[in-house]
Structure formats: C-alpha cells, structure tokens
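Each protein sequence line maps, in turn, to chains D and C.
Each residue of the first sequence is one higher than the one before, counting from 283 in the working numbering.
Each residue of the second sequence is one higher than the one before, counting from 2 in the working numbering.
Structure record follows, encoded as structure tokens.
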Amino acid sequence: NAGVTQTPKFQVLKTGQSMTLQCAQDMNHEYMSWYRQDPGMGLRLIHYSVGAGITDQGEVPNGYNVSRSTTEDFPLRLLSAAPSQTSVYFCASSYETGDGYTFGSGTRLTVV
Amino acid sequence: AQTVTQSQPEMSVQEAETVTLSCTYDTSESDYYLFWYKQPPSRQMILVIRQEAYKQQNATENRFSVNFQKAAKSFSLKISDSQLGDAAMYFCAYRSARDEKLTFGTGTRLTIIP
Chain D
283 NAGVTQTPKF QVLKTGQSMT LQCAQDMNHE YMSWYRQDPG MGLRLIHYSV
333 GAGITDQGEV PNGYNVSRST TEDFPLRLLS AAPSQTSVYF CASSYETGDG
383 YTFGSGTRLT VV
Chain C
2 AQTVTQSQPE MSVQEAETVT LSCTYDTSES DYYLFWYKQP PSRQMILVIR
52 QEAYKQQNAT ENRFSVNFQK AAKSFSLKIS DSQLGDAAMY FCAYRSARDE
102 KLTFGTGTRL TIIP
C-alpha cells in the first residue's frame with residue numbers, strides 16, 4: 283500500500299514549456315485534489331475530483347488542466363509554464379465525505 | 002466561499018509546556034469538518050486531528066486536543082507536554098460536506114525551545 287505517489291519530486295522548467303505532474307493512489311479513494319503551496323499563503327486548491335470522469339475548479343485553476351479517467355490517477359498539466367507557477371505542488375486523496383485527505387510528498391517546481 | 006484564518010504566523014513554547022494554536026473560519030454551512038495538519042521540515046502533510054461540526058464533544062488524540070466553538074466559528078489546537086518533534090508548521094483546514102473542498106489557513110510555525 284503505497285498511499286499517494288507523486289512524481290517527479292523536483293522539476294525545473296523553462297518559461298513556456300509544458301509538463302504533467304503525476305499523482306496516483308492505491309487506496310480506492312474517490313476524492314482527489316491538487317494544491318499549490320507558496321510561502322505565507324498556505325495551500326491553495328487548484329482542481330479537484332469527486333470521482334472518475336468528474337473534475338472541478340478550485341481557487342487557482344488558471345494555467346492548469348486535469349483529467350480523471352481512472353479512480354487511481356489524477357494528473358495535473360501545466361499548459362505553458364510561467365515563473366508565477368514556481369511552487370510546491372501537493373496531490374491528496376480521501377475515501378469519503380468528512381475524512382481527512384492523505385497527501386503525497388509533493389513536487390517542487392521551479393520555472394525559470 | 003469559506004475562509005480559514007490563522008492569526009498567529011509564529012509561536013514558540015518551552016519543551017514539556019502547553020501551547021494553543023488559534024484558528025477561526027467563516028462559513029454559512031451547518032455541516033462540515035475541521036482538521037489540523039502538521040507539516041514538519043520534511044514537507045510531508047500529516048493529519049493531526051479531525052472534528053465533525055455536528056459533534057459537540059471536542060476531539061482528542063493523545064497530547065493533541067481541540068477547543069471547538071461552533072457558534073464562534075473557532076477551532077483551536079492545544080498541544081500538551083510539547084516535544085521537540087512537535088516543531089513544524091501547523092495548518093487549520095475546513096472541509097465542506099457540500100462540495101468536498103478542503104480550504105486551508107495560512108499556517109502557524111511552531112518552535113519548541115529545549
């Protein structure tokens with residue numbers, strides 16, 4: 283039981299490049315979310331999903347896309363990276379309403 | 002939209018003493034859940050404690066307990082017998098039962114003084 287697995291752990295991108303942050307969970311959790319963490323701002327919700335085929339926007343969705351084709355996977359796509367997207371990204375999942383979310387170990391992304 | 006406010010950016014406490022971290026939230030919902038998460042320097046987010054809004058009894062997990070005041074929309078975390086391993090960022094979070102979103106406060110950095 284690996285929990286929530288995020289890859290890569292570190293990434294440097296050039297402005298304008300695109301990439302996908304991978305997130306997978308093996309706990310059969312219905313709910314999955316992506317957050318970004320910036321100094322002094324806590325964790326802010328980018329996108330979330332309440333089940334396969336269902337996604338919705340969070341607080342800061344611009345510049346990011348998601349899809350949920352399976353229960354296990356919830357990739358986050360950066361379409362055209364900008365320096366403002368330099369951050370630590372967390373994926374999280376939860377089994378049912380009211381449960382605490384389980385977090386992955388994060389991806390530190392730097393856009394130069 | 003719900004908001005979560007942590008008004009103490011930094012706190013410190015002597016080892017073995019007790020410290021309380023504050024959190025307030027704003028919501029128009031009656032059904033929700035509240036959490037405290039710990040983030041040590043390893044960056045891992047660790048769930049510390051969970052409170053259901055419809056339960057009046059305050060949650061307790063070993064040395065960690067909460068003071069949940071629903072009318073005042075207050076949710077503080079008390080850490081008893083503080084240990085060096087408690088040093089971390091602590092985040093208060095609100096989960097809506099309606100749309101499942103988890104909203105975080107900006108965090109409190111806790112330092113333990115030996």
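Here a beta-carbon is modelled for each residue, glycine too, at the ideal position from N, C-alpha and C.
{"query": "Which class does residue 338/D belong to by DSSP, given the choice of helix, strand or coil?", "result": "strand"}
{"query": "Can you tell me which of the three DSSP states residue 366/D falls into?", "result": "helix"}
{"query": "Is it true that the CB of residue 327/D sits closer than 8 Å to the CB of residue 92/C?", "result": "no"}
{"query": "Using 8 Å as the threshold, is the region 43-54 of chain C in touch with the region 377-388 of chain D, meaning 3 or more CB pairs across them?", "result": "yes"}
{"query": "For residue 99/C, count neighbouring Cβ atoms within 10 angstroms of its own Cβ and tell me buried if that reaches 16, exposed if not.", "result": "exposed"}
{"query": "Rounded to whole angstroms, what's the CA-CA distance from residue 3/C to residue 58/C? Just pull it up for me.", "result": "23 Å"}
{"query": "Which partner residues of residue 1/C appear in the DSSP bridge assignment?", "result": "This structure leaves residue 1/C out entirely; chain C is present only between 2 and 115."}
{"query": "In the DSSP assignment, find the unbroken beta strand (DSSP E) run with residue 309/D in it and report its ends.", "result": "No beta strand (DSSP E) holds residue 309/D; DSSP gives it neither H nor E."}
{"query": "Would you mind telling me which residues of chain D sit closer than 9 Å to residue 39/C, beta carbon to beta carbon, in chain order?", "result": "By Cβ distance, chain D contributes nothing, its closest Cβ being about 11 Å from residue 39/C, past 9 Å."}
{"query": "Examine chain E for any beta-carbon lying closer than 8 Å to the beta-carbon of residue 394/D, and answer yes or no.", "result": "As a matter of chain content, chain E is missing from the structure shown, whose protein chains are D and C."}
{"query": "Comparing alpha-carbon positions, which option in 392/D, 293/D, 378/D and 306/D lies nearest residue 332/D?", "result": "378/D"}
{"query": "May I ask which residues mark the beginning and end of the beta strand (DSSP E) holding residue 12/C?", "result": "11-15"}
{"query": "Quick one: measure Cβ to Cβ for residue 11/C and residue 114/C, integer angstroms, because I've assumed they're closer than 8 Å.", "result": "Not confirmed; about 12 Å, so no contact."}
{"query": "By how many angstroms is the C-alpha of residue 67/C removed from the C-alpha of residue 73/C?", "result": "14 Å"}
{"query": "Tell me, please, which residues DSSP counts as bridged to residue 46/C.", "result": "BP columns for residue 46/C are empty, so no partner."}
{"query": "Going by DSSP, what residues sit across from residue 296/D in a beta bridge?", "result": "According to DSSP, which records beta bridges pairwise, residue 296/D is partnered with nothing at all."}
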